[in-house]
Amino acid sequence: MVSIRKAYPDLGKCLYFDLSSGDDCIAIKGGTQFLEVSQVICGPGHGISVGSLGENGQTEFAEEIHIWNCTFKGASYGARIKTWPLDALKVNDVTFSDIHGTCSKEDAIVLDCAKIGCNHITLSQINITSIDPAKPASTICKNVQGTAKNVLPYVPCLH
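Under UniProt numbering, read the sequence shown as residues 1 to 159, first letter to last.
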């Protein structure tokens, strides 16, 4: 697992990884901003996660995070944002783009945000399918504002 905290413009790039783990391939933690993640091959594992944020009541933020050109090989999830149910969290300007591959759980895309919400979330050019053809991939959406374009599975909370 690669755990990222408080990345800054001059340090904020993760490029060319091929990761297998029993946990998140990449976990982007609170305080992270101005981060680019690209050309990551992930799986098995939990995928690429922004979070979990706000555990134990902590005030946290993550912003200006751009994840693109990544492949999942049987990861539990693909694109994921996870926050604890607090109002002291801020997740803004997160992009998942040009993401493809397979997931082992039904929820390929998980956008699970606290009541304060996650804003300016952009999903584009995503195609994540289930490794089990009998169980099509789906999404979880809670308290998310943003857009989705050319995304499979369909993300009903983003227009």
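Even for Gly, the Cβ is constructed at its ideal location relative to N, Cα and C.
Worksheet item: Is the distance from the Cβ of I109 to the Cβ of Q125 below 9 Å?
Response: no
Practice prompt. Determine the closest residue to D93 out of I131, H120, N56, F34, with distance taken between C-alpha atoms.
Written response: H120
Worksheet entry | 6 Å Cβ shell around G74 - same chain, five flanking residues per side excluded | G43, P44, T102, S104, I131
Fill in: Buried/exposed call for A62, threshold 16 Cβ in 10 Å
buried
Worksheet item: Which same chain residues, not among the five before or five after T59, have their C-beta less than 6 Å away from its C-beta?
Response: A88
Worksheet item: In terms of residues, what are the limits of the beta strand (DSSP E) holding C103?
Response: 89–103
Worksheet item: With distances taken between CB atoms, is the gap from G54 to A27 smaller than 9 Å?
Response: no
Practice prompt. Consult DSSP for Y154 and reduce its assignment to one of helix, strand or coil.
Written response: coil
Worksheet entry | 9 Å Cβ cutoff met for N69 and A114 | no
Worksheet item: For P153, does the count of other Cβ atoms within 10 angstroms reach 16, so buried, or fall short, so exposed?
Response: buried
Practice prompt. Helix, strand or coil for E106, going by three-state DSSP, please let me know.
Written response: coil
Discussion item. Between which residues of its own chain and C118 is the CB-CB distance below 8 Å, once the five residues before and five after are set aside?
Written reply: I81, T83, V91, N92, V94, L111, N143, V144, Q145, G146
Worksheet entry | Span of the beta strand (DSSP E) around A79 | 79–83
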